[in-house]
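Protein chains in written order, with the working numbering: chain H, 1 to 409; chain Y, 410 to 762.
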């Protein structure tokens with residue numbers, strides 16, 4: 001079966017999903033631009049507007065798009081060209097995606113699809129396709145639970161920043177599973193809506209710790225040569241730096257020393273050897289008791305420590321004030337999962353491979369070209385290679401959307 | 410707290426000052442009356458001080474009425490010159506005056522009053538709020554409306570002490586932020602044209618101001634950008650992008666944008682850039698042409714784009730690390746110009762030696 005027939009099959013399934021389920025439109029629907037990626041010719045339709053939710057719903061139901069987006073921005077004339085839209089403001093959006101986090105296991109999940117013949121294989125792409133000798137490949141990463149747990153940890157860190165540092169209430173923070181490999185966080189707040197790109201860049205830098213100078217957070221040397229620094233109980237970056245150094249002290253091995261090129265080895269060895277005494281002093285937030293390690297060394301350690309404290313958000317999504325973002329409650333064309341809101345307090349226990357299932361129908365037979373192991377609704381499937389299998393609809397739709405399988409007649 | 414008449418004379422951009430003037434119900438034609446000569450003189454002086462010294466002066470015992478009323482008249486004068494140079498310079502000079510006075514105000518409450526009533530800022534005094542000693546706590550949103558245009562690292566949000574949505578500030582820092590917002594307020598009043606007929610005294614003042622601008626502006630010369638491409642003068646970020654590009658490695662969208670806009674801004678034509686790109690890679694020529702033309706401002710909104718500044722490149726992970734020249738500049742194009750000057754000086758030295 002060729003790809004376009006597979007896509008019409010998926011489209012049918014999406015259409016029936018949208019017929020039986022209601023999507024939820026964003027607030028201020030009339031001020032937003034909508035965009036739809038259509039199955040047909042993978043075409044993107046942009047600059048669409050809807051005045052009422054009902055029209056949006058019937059549009060989605062009748063076209064059954066692969067993916068549905070709306071603008072984070074509010075416009076005076078959302079249906080016009082970019083230059084004539086009249087920007088009024090935009091929600092503050094964060095995207096945390098496996099794509100830009102170097103998770104330890106991502107190399108294990110790499111796979112490729114030949115652009116010419118559609119052949120699929122695990123690992124890095126070969127120089128020539130074994131089937132058609134094509135030389136161009138699409139490189140993909142298979143979604144995995146470990147990676148998703150890491151994005152969840154980063155999302156929790158982000159929420160910590162938003163509540164503790166930025167002072168947003170938990171009712172202003174909306175967390176969504178993206179439907180694929182990460183989480184989206186939306187903040188709809190009137191004050192923040194007017195902030196321009198430069199201001200949003202400052203927010204991004206704050207959350208990533210970019211451009212942070214430890215000496216501007218109280219880490220300095222007094223005139224008498226004593227090193228003084230922030231307190232683990234401090235709010236903001238001060239506490240994060242202090243806690244980050246503590247975490248480093250607690251876990252650093254002599255191998256970690258090699259990460260600190262250009263720092264006196266002796267100072268670091270002193271830290272490792274006197275770890276207990278240092279950590280005890282830390283508990284009392286008493287820098288005075290920590291002697292024999294110079295300010296330069298502490299600066300290097302704190303810079304290392306702050307990398308662990310920042311949250312790995314995508315820098316472009318947050319700073320782009322015209323961005324189209326995936327609409328909650330719609331389906332993701334690459335998985336068949338739906339974009340679901342997760343109450344902040346439920347994030348800990350959320351499992352995207354069972355909490356975002358849209359297709360709950362009976363088993364169906366499909367032919368799988370290639371698939372790594374995966375989990376859907378607490379069941380483990382795969383790996384598969386060029387075989388016919390019978391799977392519950394959710395698992396089957398997942399493989400079809402991933403482009404690694406086709407329905408059998 | 411309520412601002413006194415002395416306060417609104419010091420800070421004529423406040424809502425209180427605007428209300429005071431409005432209640433006087435002055436019309437432009439009233440200014441023909443010689444009683445107003447003192448005020449007109451002070452208004453002209455404000456503008457001249459702005460042109461000559463970049464700051465509006467303040468003496469310790471002024472006539473408060475003259476100070477308050479001369480401000481809107483200065484605005485009329487600046488608008489009448491129709492000089493965009495003066496509009497910018499005057500707003501800045503009023504802001505500098507405000508800064509000089511605000512930073513030495515004895516009462517913290519006065520700064521809070523100005524920021525909250527004139528600008529609607531969410532601000533409070535911060536005594537005892539933290540272990541550290543700060544004077545004020547300002548909502549991070551209001552902070553970000555002004556601070557990103559300041560270049561020193563201490564103004565970056567990531568280097569501020571922030572808790573529960575508030576950025577903690579010293580008095581001098583809040584004074585700077587208020588004066589920045591004051592500048593924007595003055596700028597907003599400097600939009601449009603004066604349609605009313607001006608009385609002779611005002612026309613005369615505007616004439617002498619225009620003269621002063623001409624003599625002053627001659628001292629300002631625009632920096633020319635050279636029209637040849639000198640690869641040795643590329644900053645490290647552009648070099649890195651250029652290399653990944655030519656070795657066919659994938660570059661992020663923003664990376665491509667940076668490289669393209671850089672090349673266009675150092676004098677390459679759209680055709681040159683397209684040729685450079687398509688010959689080195691297997692890019693689709695038409696698509697590349699479209700994108701390059703867009704960045705050059707020949708499509709879409711017509712904006713000609715410049716590359717992002719260094720800080721933005723850092724945010725997006727495109728800064729490979731700074732060299733000595735980088736430390737002196739904030740923008741890849743500034744790097745290029747500076748390096749070019751150095752290289753040229755070097756070449757001349759070699760030749761003559």
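For glycine and all other residues, C-beta sits at the position ideal for the given N, C-alpha and C.
Query, Result
"Buried or exposed by the 16-neighbour rule on C-beta atoms within 10 Å, applied to residue 77 of chain H", "exposed"
"Where the region 702-729 of chain Y meets chain H: residues whose CB sits under 9 Å from a CB there", "709, 710, 711, 712, 720, 721, 723, 724, 725 and 726"
"Short CB-CB distance (under 8 Å) between residue 209 of chain H and chain Y", "yes"
"Bounding residues of the alpha helix (DSSP H) (the contiguous stretch that carries residue 530 of chain Y)", "Premise fails: residue 530 of chain Y is in no alpha helix (DSSP H) and is neither H nor E."
"Closest residue to residue 563 of chain Y among Y:576, Y:551 and Y:572 (Cα-Cα distance)", "Y:576"
"CA-to-CA distance, residue 748 of chain Y to residue 302 of chain H, given in whole angstroms", "34 Å"
"Residue 266 of chain H - containing alpha helix (DSSP H), residue span", "265-273"
"Cβ-Cβ distance between residue 430 of chain Y and residue 478 of chain Y below 8 Å", "yes"
"Residues from the region 559-574 of chain Y in contact with chain H, defined by Cβ distance under 7 Å", "562, 563, 565, 566, 567, 568, 570, 571, 572, 573 and 574"
"Residue of Y:511, Y:437, Y:458 and Y:503 minimising C-alpha distance to residue 489 of chain Y", "Y:437"
"Given residue 156 of chain H as reference, the closest of H:114, H:183, H:8 and H:357 once Cα atoms are compared", "H:183"
"DSSP three-state assignment for residue 446 of chain H, whether helix, strand or coil", "Examination of residue 446 of chain H is not possible in this model, given that chain H is present from 1 through 409 alone."
"Closer than 8 Å to chain B by CB, residue 663 of chain Y", "Of the protein chains in the structure, H and Y, none is chain B."
"Counterpart residues of residue 182 of chain H in DSSP-defined beta bridges", "H:97"
"Proximal residues to residue 699 of chain Y (C-beta, below 8 Å), its chain only, five neighbours per side dropped", "708"
"From H:406, H:268, H:320 and H:231, residue whose alpha carbon lies closest to that of residue 281 of chain H", "H:231"
"Within chain H, partners of residue 553 of chain Y - CB distance below 7 Å", "195, 199 and 202"
"Rounded Cβ spacing between residue 586 of chain Y and residue 646 of chain Y (contact assumed at less than 8 Å)", "The pair is not a contact, with the Cβ atoms about 31 Å apart (cut-off 8 Å)."
"Chain-ordered chain H contacts of residue 549 of chain Y [CB-CB under 7 Å]", "166"
"C-beta neighbour in chain Y for residue 206 of chain H, strict 8 Å", "yes"
"Distance, residue 444 of chain Y Cα to residue 602 of chain Y Cα", "26 Å"
"Cross-strand partners of residue 44 of chain H (DSSP beta bridge)", "H:37"
"Listed by chain order, chain Y residues near residue 238 of chain H by CB distance under 7 Å", "570"
"Cβ of residue 644 of chain Y within 8 Å of any chain H Cβ", "no"
"Between the CA atoms of residue 363 of chain H and residue 172 of chain H - distance to the nearest angstrom", "40 Å"
"DSSP three-state assignment for residue 406 of chain H, whether helix, strand or coil", "strand"
"DSSP state of residue 111 of chain H mapped onto helix, strand, coil", "strand"
"Contacts of residue 608 of chain Y in chain H (Cβ-Cβ under 9 Å)", "Those do not exist, as residue 608 of chain Y stays about 40 Å from chain H at its closest Cβ, beyond 9 Å."
"Residue-level contact to chain H via CB, residue 557 of chain Y, 8 Å cutoff", "yes"
"DSSP state of residue 87 of chain H mapped onto helix, strand, coil", "strand"
"Where the alpha helix (DSSP H) through residue 489 of chain Y begins and ends", "473-490"
"Start and end residues, alpha helix (DSSP H) containing residue 242 of chain H", "236-251"
"Cβ-based burial, residue 568 of chain Y [other Cβ within 10 Å; buried from 16]", "buried"
"The region 417-424 of chain Y in contact with the region 468-476 of chain Y per 3-pair CB rule at 8 Å", "yes"
"Closest residue to residue 369 of chain H among H:148, H:213, H:246 and H:383 (Cα-Cα distance)", "H:383"
"Strand pairing of residue 121 of chain H, partner residues [DSSP]", "H:112"
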